[in-house]
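Novice: To start, I am sharing the structure in question, which I have written as C-alpha cells.
In the working numbering, the protein residues as written are 508 to 1319.
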C-alpha cells in the first residue's frame, strides 16, 4: 500500500498517545471538603503538597512576587459542587474505572419542582454534614489513587489543556510502528543467535540456520520499510526543488521579464538549489544508517557461525560450508556498500566546502577562516583515503570469497571418485572426461581472472597509500611553515621593538647633539659679530657701571685734545684715492722661530667719508696671500655700499678727530685679534714688499672693482658670488651648434652623443603564466586559489575539477 493510499484511508482517524494520562512525577495531593451554607454546595479544595514544599524551600528574597503567585495558583485548586454535580463526576469516574461505582457516599434527597421553591432545601444536621464531608474527602482520595491526577483534575477542575498532549500525528504513529517492527525483528534474531550455545547436533543447527535466515530477512524488510518511509519526504523535496528550478529556467529564457523579476527568480533558484542539496545530504545520511544496521547484523551472524565451526569437525561441517561462504560474501558486500555510502557523503561535504571557499567574502577574519576551511578539507581528504582503503579491502574480501569458493569447487571436482560401468568402447569414457576437463578449465580461468583483479586492487591500494603519505607530508609541511611564520613574526616583533628602542635612543642622542651644535653655532656667530669679551653683569653691577659712565662723560671733553695728539700718525687724504696700509714684518733667523705680523705705528689711510669697515677687511691669511702671489689675482668681492656722507655743517671739527680716532683704534684692535688667530706661518715664502703689494691689490677702490667685474669672466663672477655667499643661477638652454657641411658622419654622431639622446617610455608587458592570477588581484582571492591548488594536489587524480559534482544517489 502506497503512502498516498494510507493517508486517504487514515484521514478520518485520530491517533491517541498510549501514555497520555500517565503521571510523569508522583505528587502528594490533599483534599479539603466543607459545606458552604450560603451557596448550599460542597466547597472542595485541593493542595499539591510537593509543589508547596519546593516553593517554601526556595529563598523568598531572590524569588519575585509574580512567580510566587503563579506557583500558588499551580499548587492549589478549588471549586463549588452540588449533589447533582458530584453524581455527574462520579459517573465519569466510573466510566474510567468500574471500581469507583460503589464508593460514592449517599447524599440526602433533594426536593424537586415546586416544593423546592415553596419550602426550600431540606436542612441537614451539622454532625451529619461533617460526616458526609469526611466521607466525600475519602472518596476523592480513592479516586485519585484509582484514576490518576490527570483524569481527576480534568473532571473536577476542567483546565484548558493543550490537545497535543493527548494526540499525536499519524506520521509519528506510522514511524513508531515501523520502528517497533524493526525492534521486534532484531529481538527475534538475537534470541535465535543466543540458542547457538545450547546446540550440539548438526541437524538442529541447520534448522536453526534456516530460522536465522528467515529472521534476517524479516529484519531486512522492516529496516527497508522504515528507511524508505524516512527517505520519502526528502525525495519529494528533491524532486520538487528540481521541478521548480526547471520552471524558473524556462521562465527566464522564454518570458520578457524586468530586472527586478529576474533578480527575484535568481534568488528563488538559489534557495531551491540549497533545499535540494540539503535533501540530498539527508538522503545520504539515512542511507549510511541503513547500511550500518544491515552490515552490523550480517557481521554478527557470520561471527556466530565461525564460533559454531569450532564445535564440529571438517566432515560434519561440510553441510554448512556453502552458507558460511554466502554469509562471508554478504558481509563483504554490505560493508562495501556502507563504505561507498560514506565516500559519497564525504565527497559531497568536500564539494560544499570548496564552494564555501570560492564564495568567501573579504573581512577581518577571512584569512583565518580560509585556513580553518583548508584544514577541514585536509581532514576530510584523509578520512576519504581511509574509506577508499576500506573499500579496496572489501573488494579484496569479495574476490577472496569467490576465489575460495571456486577453489573449493575445483578441489571437489578433483577429489570426486567416479565409478564407471563396463563400457564396450573406451571413447565413451574419454568423452565424459573431456566434459569434466572443460568444466575444470572454466574454473581455472575464473581463478586467473579473480587473481588478476586482486592484483589490480593491490596496486590501487599502494597508489592510495602513496597519495595519503603525500597529503600528510604536505599538510605537515604547511603546519610547520605556519608555526615557523608565527615564530618568525613573534621574533620579528621583538626585534622590531628592540630596533625601535635603539632608534629612539639614537634620535634622542642626535637631537641632543643637534641642539648642542646649534648652540655652539649661535655662540660662534655671536663671537664673530661681537669680537670683544662679553661679560654678563648682574643688576647691581649694571647700576654701578651706569654711574661710572655718567662721571666719565664730564671728563670726555677734556680728553678729546689728548686723543687728537695721539692721531698724529694718521693723515686723511681726499676722497677718491685708494687706501694704503703698510706693515712691517720682523723675522727671526732661527728656524724654530715663528713669524708674527703687527701693525706699524705709521699708517697712511685714504678714507671715504666715514665708511663702515668690518674687521675682516684688514686681515689676510697666509693661504690667501700665497694664492695671490702664485696665481693671477682675482678681484675681491665688492664692499658694501657706503652710508650717505654727512653734511659739513653737521660735523664739527672737534667731532671728526674723535670719531676717526675711535674707528682707527677699533680697526687696529680687530687686526691684532685676527692676525693673532691666524697662527704662525713660515716667513721665507714672501717679504714685506710682497705683503705690501698684496695689501694694495686687496685694497682697491670701488671704481677699480667695478671695472674688474666688467672685464672678468663668468667663472670669476661665480667664484666671487661663492665668496660673498650669494648664488644667482640662471637657466641656460643647451643649443647644439649646427653641424657644418664639411664635418664627416662620425663627428656628427659623436656630437649627437655628446648632446644626449632623448628616451621615450615604453609600456612594460608582463608575461603571465597560464592559470596565474594578475599581480593586482585581491590577496584573499590569491589565497583562495592557492588553497584550491593545494587541495587539488592533495586530492586523487580521479577528482574532477568541475564546479558541479555528480554524486550518485541511493534511491533504493
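Ideal Cβ placement from N, Cα and C applies to all residues, glycine included.
Quick one: residues in its chain with C-beta nearer than 6 Å to the C-beta of residue 601, no 5 flanking neighbours on either side, listed in chain order?
Specialist: Hits under 6 Å: 607, 608.
Novice: In the structure shown, what three-state DSSP assignment does residue 613 receive?
Specialist: Coil.
Novice: Just the Cα atoms here: how many angstroms apart are residue 783 and residue 755?
Specialist: Cα to Cα, the separation comes out at about 15 Å.
Novice: Near residue 713, which residues of its chain fall below 8 Å by C-beta distance, leaving aside the five closest residues on each side in sequence?
Specialist: Hits under 8 Å: 826, 827.
Novice: Am I right that residue 663 and residue 586 are in contact with their C-beta atoms under 8 Å? What's the rounded C-beta distance?
Specialist: That pair is a contact at about 6 Å.
Novice: Using the beta-carbon count (16 or more within 10 Å), is residue 520 buried or exposed?
Specialist: That one is exposed.
Novice: Hey, is the stretch 944 to 964 in contact with the stretch 852 to 870, meaning 3+ C-beta pairs nearer than 8 Å?
Specialist: The stretch 944 to 964 is not in contact with the stretch 852 to 870.
Novice: My guess is that residue 908 and residue 839 are in contact by the Cβ rule of under 8 Å, so how many angstroms apart are they, rounded?
Specialist: Between residue 839 and residue 908 the Cβ distance is about 6 Å, and since that is below 8 Å, they are a contact.
Novice: Assuming residue 813 is part of the beta strand (DSSP E), what are its boundary residues?
Specialist: Segment 766 to 816 is the alpha helix (DSSP H) holding residue 813; no beta strand (DSSP E) there.
Novice: Less than 9 Å between the C-beta atoms of residue 800 and residue 730, yes or no?
Specialist: Yes. Within cutoff.
Novice: Based on Cα-Cα distance, which residue from 773, 746, 738 lies nearest to residue 791?
Specialist: Comparing Cα-Cα distances from residue 791 to each of 773, 746, 738, the minimum goes to 738.
Novice: For residue 1000, which residues does DSSP report across the bridge?
Specialist: Per DSSP, none; premise fails for residue 1000.
Novice: Closest to residue 733 by C-alpha separation, out of 721, 793, 698, would be which residue?
Specialist: The candidate whose alpha carbon is nearest that of residue 733 is 793.
Novice: Residue 546 by DSSP, collapsed to three states: which one?
Specialist: DSSP places residue 546 in coil when its eight states are reduced to three.
Novice: Given this structure, state the Cα-to-Cα distance separating residue 820 from residue 707, to the nearest angstrom.
Specialist: If I take the Cα positions, the gap works out to 12 Å.
Novice: Under 8 Å by Cβ, that's how I've got residue 841 and residue 805 pegged, so tell me the actual separation to the nearest angstrom.
Specialist: That belief holds up - the Cβ atoms of residue 841 and residue 805 are roughly 5 Å apart, short of 8 Å.
Novice: Inspect the beta-carbon positions of residue 557 and residue 535 and report whether they are closer than 9 Å.
Specialist: Yes, they are a contact pair.
Novice: Going by CA-CA distance only, name the one from 554, 543, 582 that's closest to residue 590.
Specialist: Cα-wise, what sits closest to residue 590 is 543.
Novice: State buried or exposed for residue 812, treating a residue as buried only when at least 16 other CB atoms are found within 10 Å of its CB.
Specialist: Under this definition residue 812 is a buried residue.
Novice: Could you give the DSSP three-state label for residue 903: helix, strand or coil?
Specialist: Here residue 903 sits in helix by DSSP.
Novice: Touching or not, the stretch 962 to 971 and the stretch 875 to 883, by the rule of three or more beta carbon pairs under 8 Å?
Specialist: No contact exists between the stretch 962 to 971 and the stretch 875 to 883.
Novice: Would residue 702 pass as a contact of residue 715 if the rule is Cβ separation under 9 Å?
Specialist: In this structure, residue 715 lies closer than 9 Å to residue 702 by Cβ.
Novice: DSSP three-state label for residue 553, please.
Specialist: Looking at residue 553 - three-state DSSP - the assignment turns out to be strand.
Novice: Consult DSSP for residue 588 and reduce its assignment to one of helix, strand or coil.
Specialist: Looking at residue 588 - three-state DSSP - the assignment turns out to be strand.
Novice: Determine the direct distance from the alpha carbon of residue 1016 to that of residue 1029, and round the result to whole angstroms.
Specialist: In a straight line, the C-alpha of residue 1029 is about 20 Å away from that of residue 1016.
Novice: Take residue 611 and list the residues in its own chain whose beta-carbon comes closer than 8 Å to its own, dropping the five residues that flank it on each side.
Specialist: If we look at residue 611 and ignore the five residues flanking it on each side, its Cβ neighbours are 593, 594, 597, 646.
Novice: Consult DSSP for residue 1037 and reduce its assignment to one of helix, strand or coil.
Specialist: Looking at residue 1037 - three-state DSSP - the assignment turns out to be coil, as it is neither helix nor strand.
Novice: So what's residue 763 in DSSP terms, helix, strand or just coil?
Specialist: In the structure shown, residue 763 sits in coil (DSSP, three-state: anything other than H, G, I, E or B).
Novice: Measuring CB to CB, does residue 659 end up less than 9 Å from residue 540?
Specialist: It is not a contact, given that the beta carbons lie outside the stated cut-off.
Novice: Where does residue 549 land, buried or exposed, given buried means 16+ other C-beta within 10 angstroms?
Specialist: Label assigned to residue 549: buried.
Novice: Only counting the same chain, and skipping five residues up and downstream in sequence, which positions put a Cβ closer than 8 Å to that of residue 1291?
Specialist: The residues are 864, 865, 867, 877.
Novice: From residue 824 to residue 710, what does the alpha carbon distance come to, in whole angstroms?
Specialist: Going by the C-alpha atoms only, they are around 11 Å apart.
Novice: Along the chain, where does the alpha helix (DSSP H) that runs through residue 857 open and close?
Specialist: Taken as a continuous stretch (DSSP letters only), the alpha helix (DSSP H) holding residue 857 covers 828 to 865.
Novice: Once DSSP output is grouped into helix, strand and coil, what is the label at residue 924?
Specialist: Looking at residue 924 - three-state DSSP - the assignment turns out to be coil, as it is neither helix nor strand.
Novice: Counting contacts by CB-CB distance shorter than 9 Å, is residue 723 in contact with chain B?
Specialist: The structure shown contains no chain B; it holds only a single protein chain.
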